[in-house]
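The working numbering numbers the first residue of the sequence shown as 10 and each following residue consecutively. Input: a single structure, listed below in C-alpha cells.
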Amino acid sequence: MRGGPSGRRTPVIKGGGRQPGTHVDAPLHFIPGGDSVDRVSPARLVVPADLVDLTSKGPGQPITRDDLAGRARPGRAAVLYTGFSALRGSEEYLHAWPYLDRGAADYLADVGVAAVVTEGMSVAGWPGAKGFSWSPLVSEEDVAYVHVRLLRAGVIIVEGACNLGELVGCEEPLLVIAPLKVRGAEAAMARVLALC
C-alpha cells in the first residue's frame with residue numbers, strides 16, 4: 010500500500026509500483042473517491058484512435074492547444090506520437106518528455122476525447138523532485154490540473170506508451186487498452202494494442 014496524490018492509500022504490485030512502463034491512470038489517481046482501475050468499464054477501453062504527429066516537439070517542450078486544434082475528435086483516443094519512447098532508459102526520458110500544458114488538457118477535455126495516449130512518463134511535465142538534478146518543467150499544481158481536468162471529463166489516461174510510430178499510415182486504428190485489474194488501485198500497468 011502507498012499513499013497516492015489523491016491522499017488515499019492504494020494497493021500496488023510488489024516490485025512493480027503503481028506506474029512502471031506503460032500504464033493507465035484511473036480517476037482515483039488524482040480525484041478522491043474517483044473510480045479505481047478495476048471500476049473503469051471495459052467498454053471505455055476499446056476506442057477508435059487518431060494519431061497526432063508531434064514529432065516536431067523536442068525534449069521538455071509543452072504540447073499546446075494550438076498543436077492539437079482540429080487533430081483530436083470526440084469519442085476517440087488522441088494518440089500523441091512524439092517519438093520520445095526511443096529515449097527509454099535515458100535520463101532525458103525520465104525527466105524531459107513533451108507534455109500537455111493546461112490549455113491542451115482543456116482542449117482535449119472540451120473536445121470530448123475518450124482517451125489520451127502519451128509516450129512520456131506522464132501527460133503532465135516533470136515537476137522536479139528532491140535529490141534530482143533535473144530542473145522542473147512545470148509546477149505540482151500544473152501536474153494536478155492536467156490530470157484532474159482530463160480525469161473529471163472521463164478521459165482515460167495512458168502514459169509510457171511505446172512503438173506509436175508503427176501507427177503511421179494506419180487510417181482507422183482501434184485501440185484496446187488493457188490495464189491489470191487491480192482492485193482499488195489508482196493506476197495499473199497496461200498493454201495497449203492497436204488494430205489497423
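Every residue gets a Cβ at the ideal spot worked out from N, C-alpha and C, and that includes glycine. All of these numbers come straight from a predicted model, not from anything done at the bench.
{"Item": "Residue 149 versus residue 134 - alpha carbon distance", "Value": "9 angstroms"}
{"Item": "Cβ contact (3+ pairs, closer than 8 angstroms) linking the stretch 196–205 and the stretch 28–44", "Value": "yes"}
{"Item": "Separation of residue 202 from residue 87, as counted between CA atoms", "Value": "14 angstroms"}
{"Item": "Proximity winner among 161, 181, 191, 179, relative to residue 40 (alpha-carbon distances)", "Value": "161"}
{"Item": "Residue span of the beta strand (DSSP E) that contains residue 204, given as start and end", "Value": "196–204"}
{"Item": "Identified DSSP bridge partners for residue 184", "Value": "56, 203"}
{"Item": "Proximity below 8 angstroms, CB of residue 155 to CB of residue 122", "Value": "no"}
{"Item": "Segments of 4+ residues assigned as alpha helix (DSSP H) that fall wholly inside the stretch 129–197", "Value": "149–161"}
{"Item": "Host beta strand (DSSP E) of residue 88 (start-end)", "Value": "86–90"}
{"Item": "Where residue 63 sits in the DSSP three-state scheme", "Value": "coil"}
{"Item": "Terminal residues of the alpha helix (DSSP H) in which residue 209 lies", "Value": "A query on residue 209 cannot be resolved here, the shown segment of the chain reaching from 10 to 205 and no further."}
{"Item": "Contact under 8 angstroms by Cβ, residue 63 with residue 107", "Value": "yes"}
{"Item": "Classification of residue 190 by the beta-carbon crowding that lies within 10 angstroms, buried from 16 upward", "Value": "exposed"}
{"Item": "Residues near residue 112 by beta carbon distance below 7 angstroms, same chain, minus five either side", "Value": "73, 74"}
{"Item": "Same chain only: Cβ atoms within 8 angstroms of residue 175, ignoring 5 sequence neighbours per side", "Value": "203"}
{"Item": "Member of 59, 127, 109, 116 whose CA lies at the smallest distance from the CA of residue 70", "Value": "109"}
{"Item": "Three-state secondary structure assigned by DSSP to residue 35", "Value": "coil"}
{"Item": "Span separating the alpha-carbon of residue 118 from that of residue 44", "Value": "18 angstroms"}
{"Item": "Span separating the alpha-carbon of residue 186 from that of residue 200", "Value": "6 angstroms"}
{"Item": "Buried versus exposed call for residue 52 [16 or more other C-beta atoms within 10 Å across all chains shown]", "Value": "exposed"}
{"Item": "When 95, 37, 61 are compared against residue 180, the one with the closest alpha-carbon", "Value": "61"}
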